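Residue numbers (my numbering): 12 to 593. Beta carbons are placed, not taken as given, at the ideal position from N, Cα and C, and that holds for glycine. In this text, all values refer to a predicted model and were calculated from it rather than measured experimentally. Note sheet for the following structure.
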């Protein structure tokens with residue numbers, strides 16, 4: 012047996028076997044990487060997508076990631092990468108450190124950032140890149156769970172400039188489920204990182220019922236340093252988590268307000284349209300930076316004070332320099348957005364009835380080739396091109412007949428919708444995520460569904476674009492004047508909360524006057540073949556006199572055929588892969 016020293020699990024690994032993370036093995040009594048210098052994602056990103064809010068603002072960095080993790084947290088946004096390293100590992104690309112740094116310099120990146128999975132499970136590869144990056148004048152950053160050993164910490168300290176530590180709360184049961192035996196290790200690592208001059212930002216997951224736990228942990232972080240920005244990640248029902256764990260945006264904003272009572276810089280993520288992403292001066296209240304949501308777990312600056320100083324004299328605790336321009340990623344590149352692209356592909360595989368890990372490497376090699384992530388994004392914005400992806404995936408996993416059946420069902424149901432709404436007057440429809448002032452990009456799939464369902468997607472009147480949309484002003488909201496507001500099934504908001512927000516902010520349009528607000532079921536409008544049910548629901552809502560079908564009955568037939576479960580038995584999830592959380 013050889014003991015692995017990289018994390019507190021200290022796995023005893025026999026010759027040729029692996030430990031908990033499945034990313035190290037034992038060879039000749041040495042712990043070695045299974046996939047040295049092999050990478051899943053290599054792409055230029057803005058640091059706010061990682062996210063960092065006070066570190067090198069607006070900087071462009073080269074994001075690198077592998078697969079695997081030393082923990083197994085329920086609801087992990089990167090579950091598809093963390094849980095199955097054996098399946099995906101052989102689909103990684105071998106790229107040496109010199110090539111990565113050369114790419115970073117050629118693309119005018121200011122740094123290197125390891126994000127998507129845990130860097131501890133690929134530490135030697137990361138260190139080779141990090142050391143060369145420092146030699147070439149680049150900053151080095153990563154996102155981590157912080158559950159690493161002193162041995163690993165001492166290897167990281169000479170090369171690490173900033174880190175985002177995702178804490179897992181203080182509930183003993185939750186910690187055990189994640190795989191954390193001693194949570195004090197993480198807090199001690201934060202202390203040592205801060206003492207060594209590393210810029211630290213901390214992310215806390217806000218799940219329903221754990222407010223007091225988060226406040227207690229936030230206070231402990233602040234006791235280490237009140238310069239550490241606190242990021243509140245509103246829990247999303249990914250993986251095995253059900254929607255009962257999701258707080259609403261107003262509930263998470265209330266938690267932020269409570270934490271803001273004892274620390275100046277608190278930020279709310281996964282909450283489109285919130286003002287709790289902005290940086291305000293704790294002395295005079297002036298807004299120093301405005302931000303909007305920019306994909307899962309991420310944000311982007313809309314404006315940022317380049318002086319790091321308020322007019323009242325307050326100095327904002329910033330690491331590094333503020334870049335003059337922000338970088339805009341393509342498609343589904345950047346931060347945690349690639350996980351949505353991979354889940355999108357796996358969601359089709361699930362409908363094809365495939366549960367064979369050997370298929371995964373073939374899938375990822377095909378879809379993660381040059382420009383693969385961006386091409387997925389481009390191909391999923393229209394129903395017609397979606398069919399082509401089904402055909403391609405079905406061919407890769409040897410389910411051509413099932414793929415043809417799925418496509419035939421989708422085409423037949425779509426034809427019923429288009430026939431029913433043909434010639435009907437089109438209501439003006441605003442498609443939102445979270446609060447009604449976050450407008451989805453006009454070119455997104457959801458707006459294509461609206462158009463197909465007999466609506467007029469007024470999102471296309473907004474010229475700006477984001478990931479997956481932008482905050483709009485009250486003037487723009489009035490100008491689009493929607494008859495209907497449709498709330499995304501991914502980053503959602505209860506119908507009553509949407510109505511209350513509009514009434515409170517005097518956003519009175521026909522949709523509000525008539526209470527025409529449609530809260531889309533999870534994964535019924537993007538990411539999963541279940542979009543066909545969202546299409547039927549949209550058409551039924553806009554044109555009830557023309558659409559005679561019963562959406563629940565249609566859903567039951569679809570779930571039984573392609574998921575093997577009756578609709579009434581499902582436990583809703585935001586996952587693109589699973590029909591039910593359990």
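| Asked | Found |
| --- | --- |
| Can you round the beta-carbon distance between residue 253 and residue 216 to whole angstroms, since I take them to be within the 8 Å contact cut? | With a Cβ gap of about 15 Å, residue 253 and residue 216 do not count as contacting. |
| Scan the region 400-456 and note each continuous beta strand (DSSP E) run of 3 residues or more that stays entirely inside, going in chain order. | 439-443, 449-451 |
| Which residues in the same chain as residue 30 place their Cβ atom closer than 6 Å to its Cβ, once the five residues preceding and following it in sequence are excluded? | 15, 22, 24 |
| Mark residue 298 as exposed unless 16 or more other C-beta atoms lie within 10 angstroms of its C-beta, in which case mark it buried. | exposed |
| Using 10 angstroms around the beta-carbon of residue 124, count the other beta-carbons present and answer buried if the total reaches 16, otherwise exposed. | buried |
| For residue 486, which option in 463, 459, 497, 520 has the closest C-alpha, if you only look at C-alpha atoms? | 520 |
| Would residue 48 be called buried (16 or more neighbouring beta carbons within 10 Å of its own) or exposed? | buried |
| Label residue 594 either buried or exposed according to how many other C-beta atoms from any shown protein chain fall within 10 Å of its C-beta, with 16 as the threshold for buried. | Outside the shown range of the chain, which is 12 to 593, sits residue 594, and nothing can be said about it. |
| Do residue 249 and residue 586 have their C-beta atoms within less than 8 Å of each other? | yes |
| I need the straight-line Cα distance from residue 38 to residue 13, nearest angstrom please. | 9 Å |
| Whose C-beta lies closer than 6 Å to the C-beta of residue 399 among residues of the same chain, with five residues either side of it excluded? | none |
| Go ahead and label residue 348 buried or exposed: buried means 16 or more other beta carbons lie within 10 angstroms of its beta carbon, across all protein chains shown. | buried |
| Is residue 130 helix, strand or coil when you go by DSSP? | helix |
| Closest to residue 68 by CA distance: which of 406, 407, 356, 57 is it? | 57 |
| Quick check on DSSP: helix, strand or coil for residue 225? | helix |
| In the DSSP assignment, find the unbroken alpha helix (DSSP H) run with residue 495 in it and report its ends. | From DSSP, residue 495 is part of no alpha helix (DSSP H) but of the beta strand (DSSP E) over 495-498. |
| Do you know offhand how far residue 515's Cα is from residue 260's? | 15 Å |
| In the DSSP assignment, what are the bridge partners of residue 538? | Paired residues: none, contrary to the question. |
| From 308, 75, 59, pick the residue whose C-alpha is nearest to that of residue 51; which is it? | 75 |
| How many Å lie between residue 453 and residue 443 at the Cα? | 11 Å |
| Compare the beta carbon distance of residue 246 and residue 218 with 8 Å and say whether it is the shorter of the two. | yes |
| Can you give me the C-alpha to C-alpha distance between residue 455 and residue 392, rounded to a whole angstrom? | 5 Å |
| With which residues is residue 665 paired in a DSSP beta bridge? | Only positions 12 to 593 of the chain appear in this structure, which leaves residue 665 out of reach. |
| For the region 536-543 against the region 327-336, are there 3 or more C-beta pairs whose distance is under 8 Å? | no |
| Considering just the uninterrupted stretch of the alpha helix (DSSP H) at residue 186, what are its terminal residues? | 183-189 |
| As a quick exercise: from 19, 156, 518, 144, pick the residue whose alpha carbon is nearest that of residue 84. | 156 |
| Is it buried or exposed for residue 484, if we count other Cβ within 10 angstroms and need 16 for buried? | exposed |
| Looking at C-alpha atoms only, which residue of 104, 574, 449 is the closest neighbour of residue 509? | 449 |
| Could you tell me if residue 71 is buried or exposed, where buried requires 16 or more neighbouring beta carbons within 10 angstroms of its beta carbon? | buried |
| Which of the three DSSP states, helix, strand or coil, is assigned to residue 560? | coil |
| Inspect the CB distances between the region 273-280 and the region 225-241 and report whether three or more fall short of 8 Å. | yes |
| When you compare only the Cα positions, how much space is there between residue 34 and residue 41? | 14 Å |
| Who are the near neighbours of residue 11 in its chain, counting only those whose CB is closer than 8 Å to its CB and skipping five residues on each side? | This structure does not reach residue 11, given that the chain is present from 12 up to 593, and the question cannot be answered. |
| Would you decide whether residue 227 is buried or exposed? Buried here means 16 or more other CB atoms lie within 10 Å of its CB. | exposed |
| On the premise that residue 303 lies in contact with residue 310, defined as a C-beta separation below 8 Å, what is that separation, rounded to the nearest angstrom? | 7 Å |
| Can you tell me where the alpha helix (DSSP H) with residue 54 in it begins and where it stops? | No alpha helix (DSSP H) contains residue 54, which is instead part of the beta strand (DSSP E) from 52-57. |
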